[in-house]
Amino acid sequence: MHPGAHLKEVRSKLGITTREFATFSKTIADAEGNEEFLISSGWLTQIENEEDALPSIYKLFTLASVYGLSYGDVLALYGVDAKKVKKYHAELPIAKTRLAQYDSAEAPESLEVPVRFDAGVNLSQTNLLSHMIESWGRVPLEFIQHFDLRHRLYGFVGLKDYTLYPLIRPGSFVEIDPNVKKPIQGVARSEFDRPIYFVDLRNGYACSWCDLVEDKLVLLAHPLSPVKTRIFAFPKEAEIIGQVAGVAMRIVLSLTQPGEEISNPPSQS
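Under the working numbering, residue 276 is the last one in the sequence shown; the count climbs by one each step, no gaps.
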């Protein structure tokens with residue numbers, strides 16, 4: 008079914024005649040002060056019946072408005088996936104540091120997020136974020152619409168966990184790729200390229216560099232960290248939940264007190 012035929016089907020289900028549509032489109036055109044938004048009954052018939060009829064961006068807007076569709080849905084009918092805009096922008100090698108622009112026009116009005124955390128959780132210890140949530144609720148928070156706690160893994164680095172300090176500070180949130188279950192072999196060019204893993208220690212969790220030596224999983228701390236190397240039987244005593252794919256980390260305690268750093272780790276003994 009070509010795009011126009013699909014739009015005709017939507018119109019039929021809504022019980023809108025071509026003349027009524029033309030009237031609705033005139034209302035939009037008048038409100039916008041631009042006749043490009045106007046779609047006559049004849050032009051609508053052409054859109055619906057001719058496969059090569061391609062509406063302008065203004066007329067696509069009118070179609071979406073009258074039919075109650077998102078602009079992205081209408082673009083998709085014509086082979087344009089608006090959701091890929093951010094993906095391609097992120098993949099292109101643009102060298103300059105820049106602000107990331109987020110279009111919230113397609114965002115839901117509300118988002119399901121944690122509204123109450125388990126009071127019994129010890130924030131000094133590293134944990135999976137899903138284990139810290141007591142209840143969920145809906146809030147109007149469009150900016151993090153792709154932050155899917157129910158279907159993806161996120162971890163919290165404990166407030167007293169200095170394993171990878173100062174690379175990853177206590178209190179950081181990490182995004183975990185659950186597809187990686189064993190340490191990746193190879194030599195990293197720098198500590199920033201070295202894979203980091205979120206590890207289930209049976210009685211707790213760790214966020215660390217890892218090496219697998221025969222049947223032993225070696226948890227390696229940052230050279231500047233006071234935490235010592237730990238060794239566990241793999242996978243009996245320790246299991247890799249996944250590789251850390253992203254980090255959200257604050258570098259000052261308060262935005263109102265710039266320069267006040269997060270507390271230093273305990274000194275090495």
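In this text, a Cβ means the ideal position worked out from N, Cα and C, and glycines have one as well.
Residue i (DSSP reduced to helix, strand or coil)
i	result
N56	helix
L171	coil
D80	helix
A89	coil
I101	coil
V164	coil
F180	strand
A245	coil
I35	helix
L136	helix
R237	strand
A29	helix
S251	Correcting the residue type first, residue 251 is Val in the shown sequence and not Ser. V251 falls in the strand class under three-state DSSP.
V187	coil
F68	helix
V206	strand
A195	coil
First through last residue of the beta strand (DSSP E) which encompasses residue i
i	result
L226	223–227
S215	212–220
F44	Looking at the DSSP string, F44 is not in any beta strand (DSSP E), and its letter there is neither H nor E.
Residues of its chain near residue i, where Cβ-Cβ distance is below 8 Å and the 5 sequence neighbours each way are ignored
i	result
V17	Y74, L76
A83	A89
Same chain, Cβ closer than 7 Å to residue i, neighbours up to 5 away in sequence not counted
i	result
L219	K189, P190, F241
A213	T133, T170, V206, L226
S232	Y169, T170, L171, Y172, P272
L45	S32, K33, A36
E198	L174
Own chain partners of residue i with C-beta closer than 6 Å, once the 5 adjacent residues on each side are dropped
i	result
D207	E246, I248
Y85	P10
Status (buried if at least 16 other CB within 10 Å, exposed otherwise) for residue i
i	result
H13	exposed
K243	exposed
P177	buried
Whole-number beta carbon distance between residue j and residue i, since they are thought to touch under 8 Å
i	j	result
A228	T170	5 Å
I175	V187	Actually they do not touch by this definition, with Cβ atoms about 17 Å apart.
V181	G253	7 Å
Residue interval of the alpha helix (DSSP H) (run including residue i)
i	result
S63	Looking at the DSSP string, S63 is not in any alpha helix (DSSP H), and its letter there is neither H nor E.
H13	10–21
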